[in-house]
DNA sequence: GATGAATGAGCGTTCATTCAT
DNA sequence: AATGAATGAACGCTCATTCAT
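Residue numbers (this note's numbering), protein chains in the order written: chain A, 4 to 202; chain B, 4 to 202; chain C, 4 to 202; chain D, 4 to 202.
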């Protein structure tokens, strides 16, 4: 029973990975269950054995990706708990950008979900974003409270950070390794300006 | 013949305008020729008299949308030619955000062109973005040269600005009118920090 | 414009007729748009130019058939307005049976609609049945009021009549012409017993 | 081996019972093997160990349903062997209606077998109906012979009775419990009129 | 120039059926 | 005996595209 369950989980994992790929490359609307199935070398119908439909598959893809991403950032924040605020935030920004560029270059498209989704799923996705957002929000608000950071508006600041980081792949992906590293560093440093107290 | 030509141009102009509206609101995949035709109060088939297909219409729409957008920003920059740099840049940022949020909420999706599009069209779109980018790049580089702005990297700065502005609709669209205006102001002010000389 | 409209109406009429045939032969669930289209020698998709979907097509089929049927009975009732009650009712029963057996042998299946239909459509069908029912109900209640008929329950009586008449094709269709006429007569006479005052 | 066989028979019996339930509730097309399996708490695939496919299962279900139904009526007729004819017939009608309305509301649909079914299966079903019919035919013909009943035509009378009873669910199912009981009583009494000697 | 009509390919989804284990 | 998994055909539906008029 345990073995069966493991097998099933592994299968689900592979399907979600393939789905995340496809949704990321094409966006929700242009993605086809056929293509997801093709990459897994199974038929369309098989997907329905594991997922109730396109929406659920997309949600699972987003959820998996979002959870993994968030947890890594949370772990990083913990690991740097004693570092100066600005350095901890820089590390988080840098890591976020690196994950976006190197591992999930398709994430932006994945989160560009159609407004037509059922409210429940959209709420679920909103939760994911919130938790993800919280990693950075915590740092920023604490820094502001401590007088080390200064922002015009926490929301606007976080919005700008997230947007810039999630679009980084569009800009960086085609660069050579070194230039890319430099670009990612530059972006992180640039985004730090958003919270630096201007004196 | 001249009169005929003018008439045709005007017709094309109206079609493209309607298409830009629809594509701008829904993105490429979710847009329907039926809806474009409906807004023009003609039938779907008529569009084919002027455009070879959806892709061409979309390209024309993107082009129009991009050109319109850029020209409005250029005009604004001209109008504020004598204003202090920082105020001119703020005005440009604010206007860009307003256009994105209020008029073309799906522009981000629209510019995320699928890899499957013909290279020619994608190149055309790249040109548009370049010209668009130039409006802000000019301001930033001039400001830096004049010692009034300071940036880590011009590319990273512009990249962050554009990303934040184009994703603003995701964040602002659902806000009430007043809150939305405030959010747009905050975002513009926040993005100004990216070029402010930190002293 | 008038000619175009006539053409369209004729087209719709033919589609509805084909649909009524198919739905009648197979029932709602087992009927296929493909088969309706095939009988019309067009493609499935064409049907959507005239009807929004399977449900609407089925509703139109039911509606057309039901209206025609009812109107003919109403006309008959008018024509026999001066005949004795029992003879007028007999004529109505006989005509109803004849229409069912000879013209719409498939009607029974057509009205066996799935419970899953949208409430609006089911309400529409209920209306049709009500109007159809009214032709007989009027006769029965008037007869009862006049003391010429006697029934246990008007509802039960009408229900039994309608059921027997609509199922007549199952029983009569395969009979030879003469035997079939006799069977239809017998059925009408039998059903008259339902209202005869038993003394 | 005998024990094994008994076990298997029991298993088959339970499957068929579940199938009869489902098919009786939903009709053939709308029934799913998945649902049958679910009610038995086994998987879809298991059913194929006992039945070659949906059609065979449906046939067995119809057969069971029909046999069960008939036997209950036969038992009832026996139990009331000494009652007056009219009361025995009333009891049979009432019971038939109750079974139709309360237990097999979709039986009508189920017996409206598509023409596409193999002739053998359809013949089988016809046999079932004949035996079923016989329960009532016996009562009616005997009553007529005894001079207690009077009918225009035995066939027409039985046809009307069966039709009214099998369509009763369409009419009664949505009534509240009390009203439904009353309706069933009324219908039985009404149908008795079909055989009552007039005057 | 424009329309009404039709087409056909493709999509998401369902489900009876098969089969290795 | 039974299960989990997979398949494939079919269905309802959408929509870009074509074309005679």
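By construction, the Cβ of each residue, glycine as well, lies at the ideal position given by its N, Cα and C atoms.
Self-check item: Backbone secondary structure at residue 152(A) - three-state DSSP
Solution: Mapped onto the first chain, residue 152(A) falls at position 149. Strand, per DSSP.
Practice problem: Pick out whichever of 106(A), 46(A) and 14(A) has its Cα sitting closest to the Cα of residue 176(A). | Solution: Counted from its first residue, the first chain places residue 176(A) at position 173. Considering only alpha carbons, the answer is 106(A).
Practice problem: Report the rounded CA-to-CA distance for residue 80(D) versus residue 70(D), giving the unit in angstroms. | Solution: As a first step, residue 80(D) must be located in the fourth chain, where it is residue number 77. As a first step, residue 70(D) must be located in the fourth chain, where it is residue number 67. Roughly 15 Å separates the two Cα atoms.
Quiz item: What does residue 196(B) reach in chain A if we use C-beta pairs closer than 8 Å?
Solution: Reading the second chain from its first residue, position 193 is the one you call residue 196(B). Residues of chain A passing the Cβ test: 155, 196, 197, 199 and 201.
Quiz prompt | Reference residue 142(A), options 91(A), 64(A), 44(A) and 74(A), closest by Cα | solution = Position 139 of the first chain, counted from the start, is the residue given in the question as residue 142(A). That would be 91(A), whose Cα lies nearest to the Cα of residue 142(A).
Quiz item: Mind checking whether residue 167(A) and residue 167(B) have CB atoms under 8 Å apart?
Solution: Counting from one through the first chain, the residue named residue 167(A) turns up at place 164. Counting from one through the second chain, the residue named residue 167(B) turns up at place 164. Yes, the Cβ-Cβ distance between residue 167(A) and residue 167(B) is below 8 Å.
Quiz prompt | Whole-angstrom distance between residue 131(C) and residue 138(C), CA atom to CA atom | solution = The sequence position of residue 138(C) within the third chain is 135, counting from 1. The sequence position of residue 131(C) within the third chain is 128, counting from 1. Distance between the alpha carbons of residue 138(C) and residue 131(C) is about 12 Å.
Quiz item: So, helix, strand or coil for residue 208(C), using DSSP?
Solution: Nothing can be reported for residue 208(C): it is not among the residues displayed for chain C, which extend from 4 to 202.
Quiz prompt | Endpoints, the alpha helix (DSSP H) within which residue 72(A) is located | solution = Locating residue 72(A) in the first chain gives position 69, where the first residue counts as 1. Run containing residue 72(A): 57 to 82, per the alpha helix (DSSP H) assignment.
Quiz prompt | 8 Å Cβ cutoff, residue 174(D) in contact with chain C | solution = Counted from its first residue, the fourth chain places residue 174(D) at position 171. So yes, residue 174(D) belongs to the interface.
Practice problem: May I ask which residues mark the beginning and end of the alpha helix (DSSP H) holding residue 39(B)? | Solution: Position 36 of the second chain, counted from the start, is the residue given in the question as residue 39(B). 36 to 43 is the extent of the alpha helix (DSSP H) around residue 39(B).
Exercise. Hey, could you find the ends of the alpha helix (DSSP H) residue 99(A) is sitting in?
Key: In the first chain, residue 99(A) corresponds to position 96, counting from 1. Segment 88 to 101, the alpha helix (DSSP H) holding residue 99(A).
Quiz item: At a Cβ threshold of 8 Å, is residue 87(C) touching chain D?
Solution: Against the third chain, residue 87(C) aligns to sequence position 84. For residue 87(C), not one C-beta of chain D is nearer than 8 Å to its own C-beta.
Quiz item: Between residue 50(B) and residue 7(C), what straight-line distance do the alpha-carbon atoms span, to the nearest angstrom?
Solution: Counting from 1 along the second chain, the entry for residue 50(B) is found at position 47. Counting from 1 along the third chain, the entry for residue 7(C) is found at position 4. C-alpha separation (whole angstroms): 22 Å.
Self-check item: Range covered by the alpha helix (DSSP H) that runs through residue 113(D)
Solution: If you number the fourth chain from 1, residue 113(D) lands on position 110. Annotation for residue 113(D): the continuous alpha helix (DSSP H) segment containing it runs 110 to 114.
Quiz item: How about residue 94(B): is its C-beta nearer than 8 Å to some C-beta of chain A?
Solution: The count along the second chain starts at 1 and reaches residue 94(B) at position 91. Chain A, which has no Cβ nearer than 8 Å to the Cβ of residue 94(B), makes this no.
Quiz item: So residue 193(D) packs on residue 15(C), CB below 8 Å; how close in whole Å?
Solution: Against the fourth chain, residue 193(D) aligns to sequence position 190. Against the third chain, residue 15(C) aligns to sequence position 12. Not really, about 41 Å apart at Cβ, beyond 8 Å.
Quiz item: Any C-beta of chain D sitting closer than 8 Å to the C-beta of residue 108(C)?
Solution: Translated into the one-based positions of the third chain, residue 108(C) becomes position 105. No - not a single Cβ of chain D is within 8 Å of the one on residue 108(C).
Quiz prompt | Proximity below 8 Å, CB of residue 76(C) to CB of residue 41(C) | solution = Here residue 76(C) is taken as the residue at index 73 of the third chain, counted from 1. Here residue 41(C) is taken as the residue at index 38 of the third chain, counted from 1. For residue 76(C) and residue 41(C), no; Cβs fall outside 8 Å.
Quiz item: Which class does residue 26(D) belong to by DSSP, given the choice of helix, strand or coil?
Solution: Within the fourth chain, the letter at position 23 stands for residue 26(D). Correct three-state label for residue 26(D): helix.
Quiz item: Listing by chain order, which chain B residues have their CB less than 9 Å from the CB of residue 192(A)?
Solution: In the first chain, counting from the first residue as 1, residue 192(A) sits at position 189. 155, 156 and 159, listed in chain order.
Quiz prompt | Spatial distance of residue 82(A) from residue 72(A) (CA atoms) | solution = Residue mapping note: residue 82(A) aligns to position 79 of the first chain, counting from 1. Residue mapping note: residue 72(A) aligns to position 69 of the first chain, counting from 1. For residue 82(A) and residue 72(A), the distance between alpha carbons rounds to 16 Å.
Quiz item: Does DSSP put residue 174(D) in a helix, a strand or coil?
Solution: Against the fourth chain, residue 174(D) aligns to sequence position 171. Looking at residue 174(D) - three-state DSSP - the assignment turns out to be helix.
Self-check item: Distance cut-off 7 Å: residue 155(A) Cβ against heavy atoms of the ligand COA
Solution: Questions concerning the ligand COA fall outside what the structure shown contains, since it holds no ligand whatsoever.
Quiz prompt | Rounded separation between residue 65(D) and residue 5(D) - CA only | solution = Taking the fourth chain and counting its residues from 1, the one referred to as residue 65(D) is at position 62. Taking the fourth chain and counting its residues from 1, the one referred to as residue 5(D) is at position 2. Rounded to the nearest angstrom, the two C-alpha atoms are 27 Å apart.
Quiz prompt | residue 13(B), DSSP secondary structure in three states | solution = Taking the first residue of the second chain as position 1, residue 13(B) is located at position 10. In the structure shown, residue 13(B) sits in a helix (DSSP, three-state: H, G or I).
Quiz item: Does the stretch 18 to 36 of chain A come within contact of the stretch 121 to 128 of chain B, defined as at least 3 CB pairs closer than 8 Å?
Solution: no
Practice problem: Keeping to the same chain, check which residues put their C-beta closer than 6 Å to that of residue 23(A); ignore five residues upstream and five downstream. | Solution: The residue labelled residue 23(A) in the question sits at position 20 within the first chain. Correct list, in chain order: 64 and 68.
Quiz item: In chain order, what residues of the same chain have a beta carbon less than 7 Å from the beta carbon of residue 95(C), not counting five sequence neighbours either side?
Solution: The residue labelled residue 95(C) in the question sits at position 92 within the third chain. Only 76, 79, 80, 138, 139 and 142 meet the Cβ criterion.
Self-check item: Listed by chain order, chain A residues near residue 170(B) by CB distance under 8 Å
Solution: Locating residue 170(B) in the second chain gives position 167, where the first residue counts as 1. Residues of chain A passing the Cβ test: 162, 165, 166, 169 and 170.
Self-check item: Where residue 117(B) meets chain A, residues with beta-carbon distance less than 9 Å
Solution: For the purposes of this step, residue 117(B) is taken as the residue at position 114 of the second chain. Chain A residues near residue 117(B): 28, 29, 30 and 33.
Practice problem: Go ahead and pull the three-state DSSP assignment for residue 139(B). | Solution: Taking the second chain and counting its residues from 1, the one referred to as residue 139(B) is at position 136. If DSSP states are grouped into helix, strand and coil, residue 139(B) belongs with the helices.
Self-check item: Nearest candidate by alpha-carbon position, reference residue 152(C), set 102(C), 198(C) and 38(C)
Solution: Locating residue 152(C) in the third chain gives position 149, where the first residue counts as 1. Of the candidates 102(C), 198(C) and 38(C), the one whose C-alpha sits nearest the C-alpha of residue 152(C) is 198(C).
Quiz prompt | Contacts of residue 186(C) in chain D (Cβ-Cβ under 8 Å) | solution = Numbered from its first residue, the third chain carries residue 186(C) at position 183. Proximity of chain D to residue 186(C) at the Cβ level (cut-off 8 Å) is accounted for by 156, 158 and 159, in chain order.
Self-check item: Sequence-distant residues of the same chain with beta carbon closer than 8 Å to residue 161(D), five excluded per side
Solution: Against the fourth chain, residue 161(D) aligns to sequence position 158. Take residue 161(D), set aside five residues on each side of it, and the residues of its chain with a beta-carbon closer than 8 Å to its own are 136, 139, 140 and 143, in chain order.
Quiz item: Which stretch, first to last residue, makes up the alpha helix (DSSP H) that contains residue 161(B)?
Solution: One-based indexing of the second chain puts residue 161(B) at position 158. Residue 161(B) -> alpha helix (DSSP H) spans 157 to 169.
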